[in-house]
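K.L.:
Using the numbering used here, count along the sequence shown one by one with no gaps and you end on 393.
Idealized CB from N, CA, C, for every residue including glycine.
Computed from a predicted model, the values in this text were never measured in an experiment.
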Amino acid sequence: MFVLGIDPGLSRCGYGAVRETRGVTEVISAGLITTPKEFGVAERLSILLRDVREILAELKPDIVAIERILFRNNAKTAMSVGQASGVVLLAAFEAGCEIVEYSASEVKLAVAGYGSADKLQVQRMIQVLGKLDQIPKPPDVADALGLAFCHLANHSYASLVRTAERSVTR
């Protein structure tokens, strides 16, 4: 299974691709898409759409895992992240990818084993899971890799449950 995690943002959009083959995981690619702050929103969204499409065309993931937006306080931030998220969802849909969404607490639980883990705990676990020499930086990239690892963990668990259900019904 090949999962591309994307942490959407208008200024900074992290991405991280992880492949799992027969229980072995490997980080394939990770990076950051940035858009110039001096550009208008529409132009920045266009840049983001173009870059995400290029990444999807190059990597050809099976699944795109994206962070579900949960903002309570800052409406302006919520709006720009929502717009960026919409662009990412559109690009993934057009590329024919399966799309899944996870909240930050779901990622923390899947990656660090604790839904309220702090950023550093999650980043260290991503370093371990990805067999990386150092913590992935910037945090947007670590968050994107976390989304990919979260989906792999949830998919593995779901597969175990389906197998158990089949053995019970026989």
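If you drop the 5 nearest sequence neighbours on each side, which residues of the same chain put their C-beta closer than 6 angstroms to that of arginine 276?
P.N.:
Ala314
K.L.:
Here's the rule I'm using: 16 or more other beta-carbon atoms within 10 Å means buried, otherwise exposed. How should aspartate 366 be labelled?
P.N.:
buried
K.L.:
For a test of the three-state rule: what should DSSP assign to glutamate 266, helix, strand or coil?
P.N.:
Glutamate 266: helix per DSSP, three-state reduction.
K.L.:
Roughly how many angstroms lie between the CA atoms of lysine 260 and arginine 267, to the nearest whole one?
P.N.:
8 angstroms
K.L.:
Could you give the C-beta distance for valine 311 and phenylalanine 372, rounded to a whole number, given that I count them as a contact under 8 angstroms?
P.N.:
The Cβ separation is near 18 angstroms, so there is no contact.
K.L.:
Under 8 angstroms by Cβ, that's how I've got arginine 235 and threonine 257 pegged, so tell me the actual separation to the nearest angstrom.
P.N.:
Their Cβ separation, rounded to whole angstroms, is 6 angstroms, which keeps arginine 235 and threonine 257 in contact under 8 angstroms.
K.L.:
Within the continuous alpha helix (DSSP H) that includes threonine 244, where are the two ends?
P.N.:
First-last for threonine 244: 235 to 244, but that is the beta strand (DSSP E), not the alpha helix (DSSP H).
K.L.:
List in chain order: all unbroken alpha helix (DSSP H) runs of 4+ residues lying wholly within the region 246 to 308.
P.N.:
264 to 282
K.L.:
Nearest CA to the CA of alanine 265: which residue from Val345, Pro284, Met302?
P.N.:
Met302
K.L.:
With 16 as the cutoff for other CB atoms within 10 Å, does leucine 293 come out buried or exposed?
P.N.:
Within 10 angstroms of the beta-carbon of leucine 293 lie fewer than 16 other beta-carbons, which makes it exposed.
K.L.:
Could you compute how far the alpha carbon of lysine 299 sits from the alpha carbon of arginine 245?
P.N.:
43 angstroms
K.L.:
What are the uninterrupted segments assigned as alpha helix (DSSP H) that are 4 or more residues long and contained completely in the region 310 to 393, given in chain order?
P.N.:
327 to 335, 342 to 352, 362 to 392
K.L.:
Return the bridge partner residues of glycine 232 from the DSSP annotation.
P.N.:
Paired residues: none, contrary to the question.
K.L.:
Excluding the 5 residues preceding and the 5 following lysine 331 in the sequence, name in chain order all residues of the same chain whose CB lies nearer than 6 angstroms to its CB.
P.N.:
Gly338, Ala340, Val345
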